[in-house]
Amino acid sequence: MGAGKRAWLNIIVLSLVYVMIIFMVGMMKGVFGNMEHETRVKEFANGQFWSEKYDPQDIINIREYHQSYEDIKMHMRPDLACPILITPGTIYSDGRSTPALLKGIIPEQSVMELETIHLLSDSDFIPAMIGKKMAKTANLALGDILTLQVRDSDGVFDAVDAEIVYVMQHEIQSVDAGQIWIALDRLQSLLNLDYEATIITVSKEFDQEMEGWEFKDLDFLLADIKLLSFQKQIGASVMYIIMLSLAALAIFDTQMLAIFRRRKEIGTLIALGMRQGYVKLLFTIEGFYYAIFGILLGLIYGIPLLYFTSTKGINYGEFAEDMGMNLSSIIYPVFSFKLILNSTIVVALIIMAVSYLPAKKISKLNPTQVLKGE
Amino acid sequence: MSKTIIKIEGLVKRFPMGNREFTALDGINLKFGQGEFTGLIGPSGSGKTTILNIVGSLDNPSEGLVKVLGNDIAKLTSKTAAKLRNKHIGFIFQTYNLLPVYTVYENVELPLLLLGYDKDTREKMIMDALEWVDLLDKKDLRPATLSGGESQRVAVARAMVKRPEIVLADEPTANLDSENSFNILEMMLSLNKELKTTFIFATHDEKVMKYLRRKIHLIDGKVAKDESFK
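Here is the structure:
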């Protein structure tokens with residue numbers, strides 16, 4: 001392959017790597033930004049007050065983790081604070097029994113972006129709503145009648161019939177998988193736990209002290225997502241390094257070949273009085289052109305591509321559901337100026353480094369070895 | 375004798391050859407004065423090019439003293455050696471060594487760029503040099519379109535453009551026919567007379583020898599005969 005074709009091939013590969021890195025970082029920012037956002041608006045709002053012993057990981061004993069909010073019930077406005085009572089139960093439907101977490105919530109609440117208002121629907125049974133993943137796994141559909149079995153505060157099993165009045169269509173697994181939502185007062189009545197709640201989710205405007213309740217802010221509640229995001233970024237960084245290394249290796253190889261081919265020219269320049277430092281600079285700059293052209297080419301087709309994906313989003317569809325993460329089905333990658341600038345600097349510096357190494361080697365060329373003969 | 379600008383005393387040069395060493399120069403003592411038109415004559419392997427390389431600060435002596443314009447070659451750093459070559463020494467090679475991507479004008483311009491001359495000064499000096507070698511009309515051509523004789527004239531212009539004190543020419547006529555060799559040598563002789571530039575040739579070409587005012591015969595890295603002519 002000719003030097004010109006090889007150079008252009010390198011530039012194209014480098015531009016692809018450059019755009020891919022920006023795209024993947026932007027995509028990851030979009031995914032985890034979306035996860036954080038969706039989890040926040042649909043589950044955590046601006047934070048939660050937990051009952052004293054509540055441990056979300058302890059599903060077996062979760063029915064014990066509730067406490068009274070009667071003394072502070074005046075603060076429980078639907079737009080400010082939403083008590084949620086959680087208890088394990090069993091769903092009986094169509095001859096199948098499925099364990100589930102029953103969650104009692106105020107239907108009129110607007111603290112979380114959940115369509116709980118449907119729990120006020122007219123029905124001969126207790127109106128209940130589920131997420132689409134739960135509908136799939138428990139084989140339930142809108143209008144299905146099922147039996148809910150729970151143990152009340154005295155340990156007595158009770159059972160009531162409920163009707164699925166709404167199936168949530170979002171992909172937020174933490175308010176969907178294995179869960180069934182009914183009105184708070186219905187669940188409290190079933191369990192004989194009037195004015196009892198497991199957690200109280202609050203909006204940004206809520207500013208009351210809640211004695212006996214432990215406040216968990218968003219940093220705490222979203223810590224798992226942030227950790228996952230960090231771990232994924234580390235994993236992805238390895239891939240960026242591999243991709244960039246391959247592009248850098250191709251450029252290094254081309255520079256070495258170019259230098260070998262141009263030894264006589266370099267020997268002549270040294271004989272004419274060119275200094276070692278200048279030879280190094282000359283070939284480092286030449287290698288740097290790869291970075292400049294690669295980045296420019298990447299920007300030419302990358303900007304429209306990145307703009308299109310960031311405005312139209314990428315439809316994850318069923319894939320988002322299968323990932324088991326709190327993701328909306330359309331993800332909007334986030335390409336900030338800082339991301340593009342940082343990627344540009346990293347790519348340029350690495351290409352300069354791989355151009356410098358052959359340049360350094362050739363600057364020590366002994367011209368007497370190459371100046372004589374054809 | 376004119377002012378000595380190159381002094382060589384007890385010069386020995388050895389090259390590694392596998393596990394052994396090959397002695398290319400063995401105790402050379404020479405002096406070159408300003409304005410000389412001198413040839414190092416001898417068969418291949420006699421040490422002609424090695425002397426040129428050391429005098430041109432492209433290589434270092436293994437032993438002995440080589441002083442060029444007062445500079446001890448062995449003590450030069452790569453930076454000071456480059457400076458010496460850049461300012462004071464011009465090279466002419468057997469294979470011209472012109473840079474193929476540049477025009478005749480740009481090839482001649484290279485030493486001046488390295489010296490940091492401004493554009494107007496460069497232009498004047500280049501035009502003068504191209505006039506000496508009668509290549510003004512070819513200044514915009516690339517080396518690939520030139521004949522061997524023309525290419526070597528460009529190389530002479532490139533060596534002379536900065537008006538160096540010393541020009542080192544390694545087999546400059548080896549690839550040229552008689553007519554071109556004659557033209558090149560006549561031109562170099564006139565430049566030698568006009569600019570008082572010291573020319574040192576490494577050659578075994580009879581055509582060159584006729585022009586030399588001093589012939590230094592080398593055999594096996596030693597000076598066998600040093601003869602001067604009026």
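Protein chains in written order, with this note's numbering: chain H, 1 to 374; chain X, 375 to 604. Cβ atoms here follow ideal geometry from the backbone N, Cα and C, with glycine treated the same way.
Quiz item: Can you round the beta-carbon distance between T90 of chain H and L191 of chain H to whole angstroms, since I take them to be within the 8 Å contact cut?
Solution: With 8 Å as the limit, T90 of chain H and L191 of chain H do not qualify as a contact, their Cβ atoms being about 14 Å apart.
Quiz prompt | Euclidean distance between Cα positions of L509 of chain X and Q369 of chain H | solution = 30 Å
Quiz item: Which runs of the beta strand (DSSP E) fall wholly inside the region 245-304 of chain H and span at least 3 residues, in chain order?
Solution: Qualifying beta strand (DSSP E) stretches: none in this window.
Quiz item: To which residues of the same chain is I362 of chain H closer than 6 Å at the C-beta, ignoring the five residues directly before and after it?
Solution: I259, I266
Quiz item: To the nearest angstrom, how far is it from the Cα of M583 of chain X to the Cα of E545 of chain X?
Solution: 11 Å
Quiz prompt | Within 8 Å, strictly: CB atoms of L218 of chain H and G30 of chain H | solution = no
Practice problem: Quick one: list the residues of chain H neighbouring N471 of chain X, beta-carbon separation under 7 Å, in chain order. | Solution: K264, T268, L371
Quiz prompt | Buried versus exposed, by CB contacts within 10 Å (16 or more), M391 of chain X | solution = M391 of chain X comes out exposed.
Practice problem: Answer yes or no: does any C-beta atom of chain X fall closer than 8 Å to that of L257 of chain H? | Solution: no
Quiz item: I think L85 of chain H touches A197 of chain H, with their Cβ atoms under 8 Å apart; what is that distance to the nearest whole Å?
Solution: 5 Å between Cβ atoms; contact.
Exercise. Report all residues from its chain with a CB closer than 6 Å to the CB of E374 of chain H; omit the five preceding and five following residues, and keep chain order.
Key: Low per-residue confidence applies at E374 of chain H: pLDDT is 46, beneath 50, and the placement is therefore not dependable, though the value from the model is reported in the following sentence. The answer is none, since no qualifying residue turns up.
Quiz prompt | Span of the beta strand (DSSP E) around T547 of chain X | solution = First-last for T547 of chain X: undefined, no H or E at that position.
Quiz item: What is the DSSP secondary structure of E374 of chain H, counted as helix, strand or coil?
Solution: Because E374 of chain H carries a pLDDT of 46, less than 50, the predicted location of this residue cannot be relied on, and the following value inherits that uncertainty. Note: E374 of chain H maps to coil in three-state DSSP.
Quiz prompt | Where the region 482-508 of chain X meets chain H: residues whose CB sits under 7 Å from a CB there | solution = L484, P485, L488
Quiz item: When we look at the beta-carbon of F308 of chain H and count the other beta-carbons within 10 Å, is it buried (16 or more) or exposed?
Solution: exposed
Quiz item: So, are the CB atoms of I382 of chain X and L404 of chain X less than 8 Å apart?
Solution: Their beta carbons are under 8 Å apart, which means I382 of chain X touches L404 of chain X by this criterion.
Quiz item: Candidates X:W506, X:V528, X:E505: which alpha carbon is nearest R516 of chain X's?
Solution: Taking only the C-alpha atoms, the option nearest R516 of chain X is X:V528.
Quiz item: Can you find a C-beta in chain X that's less than 8 Å from the C-beta of R261 of chain H?
Solution: no
Quiz item: Would a C-beta distance cut-off of 8 Å place I540 of chain X and T572 of chain X closer than the cut-off?
Solution: yes
Quiz item: L282 of chain H CB to nearest chain X CB: under 8 Å?
Solution: no
Exercise. Please check if any C-beta of chain X sits within less than 8 Å of the C-beta of L272 of chain H.
Key: Yes - at least one Cβ of chain X is within 8 Å of the one on L272 of chain H.
Quiz item: Alpha carbon to alpha carbon, what distance is there between Q109 of chain H and S229 of chain H?
Solution: 30 Å
Self-check item: Cβ separation of A271 of chain H and L349 of chain H, assumed to be a contact under 8 Å, to the nearest whole Å
Solution: With a Cβ gap of about 33 Å, A271 of chain H and L349 of chain H do not count as contacting.
Quiz item: If we ignore side chains and look at the alpha-carbon of each, how far apart do P56 of chain H and L306 of chain H end up?
Solution: 39 Å
Self-check item: Cβ-Cβ distance between L472 of chain X and S436 of chain X below 8 Å
Solution: no
Quiz item: Under 8 Å between C-beta atoms, does A456 of chain X make it to chain H?
Solution: By this cut-off, A456 of chain X is an interface position.
Quiz item: Cα-Cα, which of H:F32, H:I21, H:G26, H:Y316 is closest to A223 of chain H?
Solution: When H:F32, H:I21, H:G26, H:Y316 are compared, the shortest CA-CA separation from A223 of chain H is found for H:F32.
Quiz item: So G298 of chain H and S15 of chain H are in contact, right, with Cβ under 8 Å, and what is the actual spacing, rounded?
Solution: Sure, about 4 Å apart at Cβ, within 8 Å.
Quiz item: Do we get a CB-CB distance below 8 Å when we pair L443 of chain X with the residues of chain H?
Solution: L443 of chain X does not count as touching chain H.
Quiz item: If we cut at 8 Å on Cβ distances, does T368 of chain H have a partner in chain X?
Solution: By this cut-off, T368 of chain H is an interface position.
Quiz item: What does DSSP give as the partner residues of L439 of chain X in its beta bridges?
Solution: X:E383
Quiz item: Going straight from the alpha carbon of T378 of chain X to that of I285 of chain H, what length do you get?
Solution: 42 Å
Self-check item: Residue burial classification, H170 of chain H (beta-carbon count within 10 angstroms, cutoff 16)
Solution: By the 10 Å Cβ count, H170 of chain H comes out buried.
Self-check item: Per DSSP, cross-strand counterpart(s) of I574 of chain X
Solution: X:T412, X:L542
Quiz item: R6 of chain H CB to nearest chain X CB: under 8 Å?
Solution: no
Exercise. In the DSSP assignment, find the alpha helix (DSSP H) that holds S338 of chain X and state where it starts and stops.
Key: The structure shown does not extend to residue 338 of chain X, since chain X is modelled only from 375 to 604, so the question has no answer here.
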